[in-house]
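Visitor:
Protein chains: 2
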Amino acid sequence: MTDLLAPDEAPPALIINEMGTSPLVLICEHASNRLPKSMGTLGLKREDLDRHIAYDIGAEGVSRHLSNLLDCALVLNRYSRLAYDCNRSPEHAGAMPEVSEVFEIPGNKGLSPSEKLARVNGIYHPFHLAIGQLLDQRAVHKRRTIIVTMHSFTPVFKGIARTVEVGLLFDQDESLAKKLEHSFPGFDTRMNEPYSAKDGVMHTTAIHGAARGLPSLMLEIRNDLITKEDDQRAWGERLAAAFKGVT
Amino acid sequence: MTDLLAPDEAPPALIINEMGTSPLVLICEHASNRLPKSMGTLGLKREDLDRHIAYDIGAEGVSRHLSNLLDCALVLNRYSRLAYDCNRSPEHAGAMPEVSEVFEIPGNKGLSPSEKLARVNGIYHPFHLAIGQLLDQRAVHKRRTIIVTMHSFTPVFKGIARTVEVGLLFDQDESLAKKLEHSFPGFDTRMNEPYSAKDGVMHTTAIHGAARGLPSLMLEIRNDLITKEDDQRAWGERLAAAFKGVT
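Those protein sequence lines, which keep their order, are chains D and A.
Note that numbering that gives the first Met the number 0 has the first sequence beginning at 0, numbered continuously upward.
Note that numbering that gives the first Met the number 0 has the second sequence beginning at 0, numbered continuously upward.
#1: Compute the beta-carbon to beta-carbon distance between asparagine 67 of chain D and alanine 12 of chain D, rounded to the nearest angstrom, for a pair I have assumed lies under 8 Å.
#2: At the level of alpha carbons, what is the spacing between isoleucine 122 of chain D and arginine 237 of chain D?
#3: Going by beta-carbon coordinates alone, are histidine 51 of chain D and serine 195 of chain D separated by less than 9 Å?
#4: Grouping DSSP H, G and I as helix and E and B as strand, with all else coil, what is asparagine 4 of chain D?
#5: Along the region 197-212 of chain D, where does the CB come closer than 8 Å to a CB of chain A? Name the residues.
#6: Distance cutoff 9 Å, beta carbons only. Does valine 165 of chain D sit that close to anything in chain A?
#7: Report the start-end ranges of each alpha helix (DSSP H) in the region 168-222 of chain A that is 4 residues or longer and not cut off at the edges.
#8: Got a sec, what are the start and stop residues for the beta strand (DSSP E) serine 151 of chain A sits in?
#9: On a CA-only basis, which of A:Ile220, A:Asn222, A:Pro125, A:Leu216 is nearest leucine 25 of chain A? Give me that one, please.
#10: Which one of A:Lys44, A:Glu59, A:Ser21 has the shortest CA to CA distance from isoleucine 225 of chain A?
#11: Note down the Cα distance separating methionine 0 of chain A from asparagine 120 of chain A, rounded to an integer number of angstroms.
#12: With a cut-off of 8 Å on the beta carbons, I'd call phenylalanine 126 of chain D and cysteine 71 of chain D a contact; round off their distance for me.
#13: I need the DSSP call for alanine 239 of chain D, collapsed to helix, strand or coil.
#14: Let's test the definition: count the other Cβ atoms within 10 Å of the Cβ of proline 112 of chain A and tell me whether it reaches 16, buried, or not, exposed.
#15: Which residues in chain D have a C-beta closer than 9 Å to the C-beta of histidine 124 of chain A? List them in chain order.
#16: Between leucine 65 of chain A and aspartate 229 of chain A, what straight-line distance do the alpha-carbon atoms span, to the nearest angstrom?
#17: Taking any Cβ of chain D, which residues in the region 64-89 of chain A have a Cβ under 9 Å from it, in chain order?
#18: If we define contact as Cβ-Cβ less than 9 Å, is valine 24 of chain A a contact residue for chain D?
#19: Beta strand (DSSP E) containing asparagine 76 of chain D: first to last residue?
#20: Kindly confirm or deny that the region 199-206 of chain A and the region 159-177 of chain D touch, where touching means at least three C-beta pairs closer than 8 Å.
#21: For the alpha helix (DSSP H) that contains isoleucine 225 of chain A, what are its first and last residues?
#22: So, does the CB of alanine 241 of chain A fall closer than 9 Å to a CB anywhere in chain D?
#23: Short of 8 Å in beta carbon distance, which residues of its chain neighbour alanine 9 of chain D, apart from the five on each side in sequence? Order them along the chain.
#24: Do you know offhand how far arginine 87 of chain A's Cα is from glycine 185 of chain D's?
#25: Three-state secondary structure (DSSP) at isoleucine 52 of chain A?
#26: Could you check how far apart the C-beta atoms of glutamate 90 of chain A and alanine 138 of chain D are, in whole angstroms? I think they sit under 8 Å.
#27: At a CB-CB cut-off below 7 Å, which residues of chain A make contact with lysine 115 of chain D?
#28: What residues in its chain sit with their C-beta under 6 Å from that of alanine 5 of chain D, if we drop five residues either side in the sequence?
#29: Determine, using beta carbons only, whether threonine 148 of chain A and leucine 41 of chain A come nearer to each other than 9 Å.
#30: Which same chain residues, not among the five before or five after leucine 110 of chain D, have their C-beta less than 7 Å away from its C-beta?
#31: For arginine 143 of chain D, count the other beta carbons within 10 Å of its own beta carbon; 16 or more makes it buried, fewer makes it exposed. Which is it?
#32: Can you have a look at proline 214 of chain D and say buried or exposed, based on whether 16 or more other CB atoms are within 10 angstroms of its CB?
#33: Apart from the five residues just before and just after alanine 241 of chain D, which ones in its own chain have a Cβ nearer than 8 Å to its Cβ?
#34: Do valine 74 of chain A and isoleucine 145 of chain A have their beta-carbon atoms positioned less than 9 Å apart in this structure?
#35: Looking only at its own chain, which residues have a Cβ that is under 7 Å from the Cβ of glutamine 171 of chain A, when we skip the five neighbours before and after it?
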C-alpha cells in the first residue's frame, strides 16, 4: 500500500495564529479543494473540484479575515472533504462519499476497508489530534475557549434553491446561536438550517465542544455571498463585529 | 523533562479480544491502580493506592468475565486515574486531581502546564486514539457497535453512605439504559445515579458514542458488590444475561 500523503505533502491541519488572544477558536474543516497526490482527481474533471462538493467556497477567506480582525486561532484543513470529510465520523456514509449531491465520485466507489482506514489514519485522526492539542494548550493555561466551525453551503442543492443565507447550528448548546440570532440584519438568518445535528453533520463541535464542555457553534454562510474576495473581507468584518458583542 | 512512560512501560490501552464478535465494546478507563514509574506514588501511602481514589475496584474483573462470556472487545486502561483520568477532558479539574474525595494527592499539586501536557499526551490521547482506531476498524467493516463503559463507585462518599447499587448513566441517548432498568431484580438500580452527564463524567461516551452516532451507556456498580473474585464472576454472568436480552 502506498502512503496516502507523499513525503513532501504537508499534514492535514494548518494552524494559523496559534497563540491568538481571542477566546474564539475557528475551525474550517472544508477549507480546501486540494487532494493528496496519491488520489489524483478521484476520477472527477478538474472543474468539478472547483464546486461545493470538494470544499466550502469562500469559508477559508472569511475565516482568515475574522482570525486577523479578532486575533483568533484558526485551524484550516489542507485537504478536500472528498478525500475525507473531517466533520464526519468514520461511521458516517458521507465521510468518504461515493456520491456528493448529484455527483458520483469514481475514486471513492467501493473502497476496501484498508483503503478507508488509510484515509482515516492519514487525514481524520491527525486533523483532530492537532485541534485537540491546540485545545489542550489552552486548557492547561486556563484560557477561555469557544469553538466556532466555519462553513459555507451551496445556494442550490439537488436542484432546489435555498433562501436561507446564514445558518447558526447547535446541538445541545444553544447559547451562542441565540446571542447571534439578530446580528445579521438584512440577511435571512436561521437556527439549525440548512442542516442540523440530527443529520450527523456536527462531528467537530461534538468531539471538541460538547465532549470538552466548551461552548460551540457551527456557522454556515450561503456561498454566493462570499465567492469574491471583497465579500469575504466584508463578511469577516461583519462577523468580527457580531462576535465582539457576544463573546 | 523525563518521559512520562519509561521505554519498558506499556502504552495506556490494553485491548482484550479485539476481534470479539459481540456488538458490545467494553471500555474500562479506571481498571488499574498502577502509576507510571516516573510518578512514584504521587506522595501517597502505598495503601491509599488500593482505594477507590486510584481505580474502580472490581471493574476490571467484571469486565473480563463479561468480555469472555459475550465475546466482546474490551479496552482496559493500564494506568491509574490519579495519573490522568481518561474519562475527563483536559479542561476538567478532575483530569489530574489535586484532591480526590477527601484525599489530597501531593504529586498532583501545582502541576505546571508542561507537566500537565506530558500526562495528556502520554496517557489521554494514546488511550482514546486506541479506542478510536478499534471503532474505525469496526466501522469500515460495517460492524454494529454499542459502547459500554464499565465503572464501580464507592459505597461511602465523603462520609455519606450510598444505597444505590447499580447506576445506568446516559446523556442524550437513553435507549439502552431504559432497556436494562429492570434487569437486576433485587438490586437498587437507578438512572443517572450516583453521577450524571451534568457532572462532566461522561467524556468517553461523548467522544466515542455520541460524536460517532453510536449507542452508549455508562454502567456503575457499587464496589462492595464486586470486591471479591467470586462476586466479579457472578456480576459478569448477571450482566451477560442482561445484555443478551437487549442488544
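No residue lacks a Cβ here, since even glycine has one placed at the ideal position from N, Cα and C.
Since this is a predicted model, take the numbers as computed values, not measurements.
Guide: Result, derived from the coordinates:
#1: If you number the first sequence from 1, residue 67 of chain D lands on position 68. If you number the first sequence from 1, residue 12 of chain D lands on position 13. About 19 Å separates the two Cβ atoms, so there is no contact after all.
#2: The count along the first sequence starts at 1 and reaches residue 122 of chain D at position 123. The count along the first sequence starts at 1 and reaches residue 237 of chain D at position 238. Rounded to whole angstroms, isoleucine 122 of chain D to arginine 237 of chain D spans 32 Å at the Cα level.
#3: Locating residue 51 of chain D in the first sequence gives position 52, counting from the first residue. Locating residue 195 of chain D in the first sequence gives position 196, counting from the first residue. Going by C-beta atoms, histidine 51 of chain D is not nearer than 9 Å to serine 195 of chain D.
#4: Locating residue 4 of chain D in the first sequence gives position 5, where the first residue counts as 1. Contrary to the premise, residue 4 of chain D reads as leucine rather than asparagine in this sequence. DSSP places leucine 4 of chain D in coil when its eight states are reduced to three.
#5: Gly199, His202, Ala205, Ile206, Ala209, Ala210, Arg211, Gly212
#6: For the purposes of this step, residue 165 of chain D is taken as residue 166 along the first sequence, with counting starting at 1. Valine 165 of chain D does not count as touching chain A.
#7: 174-179
#8: Translated into positions along the second sequence, residue 151 of chain A becomes position 152. From DSSP, the beta strand (DSSP E) with serine 151 of chain A extends over 145-152.
#9: Reading the second sequence from its first residue, position 26 is the one you call residue 25 of chain A. Ranking the options by Cα distance to leucine 25 of chain A, first place goes to A:Leu216.
#10: Position 226 of the second sequence, counting from 1, holds the residue named residue 225 of chain A. Among A:Lys44, A:Glu59, A:Ser21, the Cα nearest to that of isoleucine 225 of chain A is on A:Glu59.
#11: Looking up residue 0 of chain A in the second sequence gives position 1. Looking up residue 120 of chain A in the second sequence gives position 121. Note that methionine 0 of chain A scores 47 on pLDDT, short of 50, meaning its location in the model is unreliable; the coordinates nonetheless yield the value given after this. About 13 Å.
#12: Here residue 126 of chain D refers to the residue found at position 127 when the first sequence is read from its first residue. Here residue 71 of chain D refers to the residue found at position 72 when the first sequence is read from its first residue. 18 Å between Cβ atoms; not a contact.
#13: Working through the first sequence from its first residue, we reach residue 239 of chain D at position 240. Three-state result, alanine 239 of chain D: helix.
#14: Numbered from 1 along the second sequence, position 113 holds the residue referred to as residue 112 of chain A. Label assigned to proline 112 of chain A: exposed.
#15: Mapped onto the second sequence, residue 124 of chain A falls at position 125. Chain D residues near histidine 124 of chain A: Leu128, Gly131, Gln132, Asp135.
#16: The residue you call residue 65 of chain A lines up with position 66 of the second sequence. The residue you call residue 229 of chain A lines up with position 230 of the second sequence. Each residue's Cα considered, the two are about 13 Å apart.
#17: Ser88, Pro89
#18: For the purposes of this step, residue 24 of chain A is taken as the residue at position 25 of the second sequence. Cβ-Cβ to chain D under 9 Å: no for valine 24 of chain A.
#19: The sequence position of residue 76 of chain D within the first sequence is 77, counting from 1. 72-76 is the span of the beta strand (DSSP E), which, as asked, contains asparagine 76 of chain D.
#20: no
#21: Position 226 of the second sequence, counting from 1, holds the residue named residue 225 of chain A. Counting along the chain, isoleucine 225 of chain A falls outside any alpha helix (DSSP H), and DSSP gives it neither H nor E.
#22: Against the second sequence, residue 241 of chain A aligns to sequence position 242. Under the 9 Å criterion on CB atoms, alanine 241 of chain A is classed as non-interfacial with respect to chain D.
#23: As a first step, residue 9 of chain D must be located in the first sequence, where it is residue number 10. Short of 8 Å from the beta carbon of alanine 9 of chain D, and not among the five residues preceding or following it, lie these beta carbons of its own chain, in chain order: Arg77.
#24: Numbered from its first residue, the second sequence carries residue 87 of chain A at position 88. Numbered from its first residue, the first sequence carries residue 185 of chain D at position 186. If you draw a straight line from the Cα of arginine 87 of chain A to the Cα of glycine 185 of chain D, it is about 43 Å long.
#25: One-based indexing of the second sequence puts residue 52 of chain A at position 53. Here isoleucine 52 of chain A sits in coil by DSSP.
#26: Looking up residue 90 of chain A in the second sequence gives position 91. Looking up residue 138 of chain D in the first sequence gives position 139. Indeed, because the Cβ distance is near 5 Å, the residues count as touching under 8 Å.
#27: Within the first sequence, numbered from 1, the residue matching residue 115 of chain D stands at position 116. Near lysine 115 of chain D (Cβ distances below 7 Å), the residues of chain A are Val139.
#28: To locate residue 5 of chain D, count along the first sequence from 1; it is residue 6. Only Lys36 meet the Cβ criterion.
#29: Along the second sequence, read from residue 1 onward, the residue named residue 148 of chain A stands at position 149. Along the second sequence, read from residue 1 onward, the residue named residue 41 of chain A stands at position 42. No, they are not a contact pair.
#30: For the purposes of this step, residue 110 of chain D is identified with residue 111 of the first sequence, where counting begins at 1. The residues are Met95.
#31: The count along the first sequence starts at 1 and reaches residue 143 of chain D at position 144. Under this definition arginine 143 of chain D is an exposed residue.
#32: Position 215 of the first sequence, counted from the start, is the residue given in the question as residue 214 of chain D. Under this definition proline 214 of chain D is a buried residue.
#33: Position 242 of the first sequence, counted from the start, is the residue given in the question as residue 241 of chain D. Excluding residues within five positions, the ones whose Cβ falls inside 8 Å are Leu179, Ser182, Phe183.
#34: For this step, residue 145 of chain A is matched to residue 146 along the second sequence. For this step, residue 74 of chain A is matched to residue 75 along the second sequence. Not a contact, by the Cβ cut-off of 9 Å.
#35: Translated into positions along the second sequence, residue 171 of chain A becomes position 172. Result list for glutamine 171 of chain A: Ala209, in chain order.
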